[in-house]
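Asks: Before we start, here is the structure in question, set down as structure tokens.
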Amino acid sequence: MAVQRTFSIIKPDATKRNLTGKIIAKFEDAGLRVVASKRIHMSREQAEGFYGVHKDRPFFGELVDFMISEPVVVQVLEGEDAIAKNREVMGATNPTDAAEGTIRKEFALSIGENSVHGSDAEETAAEEIKFFFNDDEIVG
Ligand code: CMP
């Protein structure tokens, strides 16, 4: 498997509880490298655009309100098989299903307030990275 880049968000429930460093350590311990990072307070327009694929889901309003409730940390992670590796480190979307040692098992509060987002495929990773970063902000 080749070196890939994936997109990550440390979500409001985690930044609020000062867990940013502990979560980044999980990525680094798994062999992922942070090649871009910024702490932002997402606008409603950004959150609605980023999660546009979920706009018809019943939880969409709740998801957008949550994502703009506190700052988030958006990042690009790089490494061998980074997309799958990041998903493994995050654990299942619902923390009650997440494996021991994963970020969501240790830190997530609920399926909505689940501490992290990570891209699910190569195409979405490229789109999501572009949504928040210019090429010159990514330093590998
Ligand atoms: P994420 O990986 O950021 O992508 C979409 C998000 O929607 C997901 O993580 C969850 O946080 C959220 N989500 C999925 N299902 C539900 C649900 N049933 N209720 C609230 N939020 C949800």
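Per this note's numbering, the very first residue in the sequence shown carries number 39; after that it's consecutive.
Backbone N, C-alpha and C fix where the C-beta goes; we use that ideal spot for every residue, glycine too.
Since we're looking at a predicted model, the values are computed, not measured.
Would you mind giving the Cβ-Cβ distance between I78 and V154, rounded to the nearest angstrom? I have them listed as a contact below 8 Å.
Replies: Contact doesn't hold; Cβ gap of about 15 Å is too wide.
Asks: Using 8 Å as the Cβ pair cut-off and three pairs as the minimum, do the region 60 to 77 and the region 116 to 132 touch?
Replies: yes
Asks: Among K64, S107 and E138, which has the Cα closest to the Cα of S81?
Replies: S107
Asks: Ordered along the chain, which non-local residues of its own chain (more than five positions away) have a Cβ less than 7 Å from that of M128?
Replies: Answer for M128: T140, I141, R142, V154 and G156, listed in chain order.
Asks: Report the rounded CA-to-CA distance for S75 versus S46, giving the unit in angstroms.
Replies: 9 Å
Asks: Considering only C-alpha positions, which residue in the set E151, A122, M105 and G90 is nearest to A159?
Replies: A122
Asks: Tell me which same chain residues have a C-beta within less than 8 Å of the C-beta of T131, skipping the five on either side of it?
Replies: R142, I149 and N152
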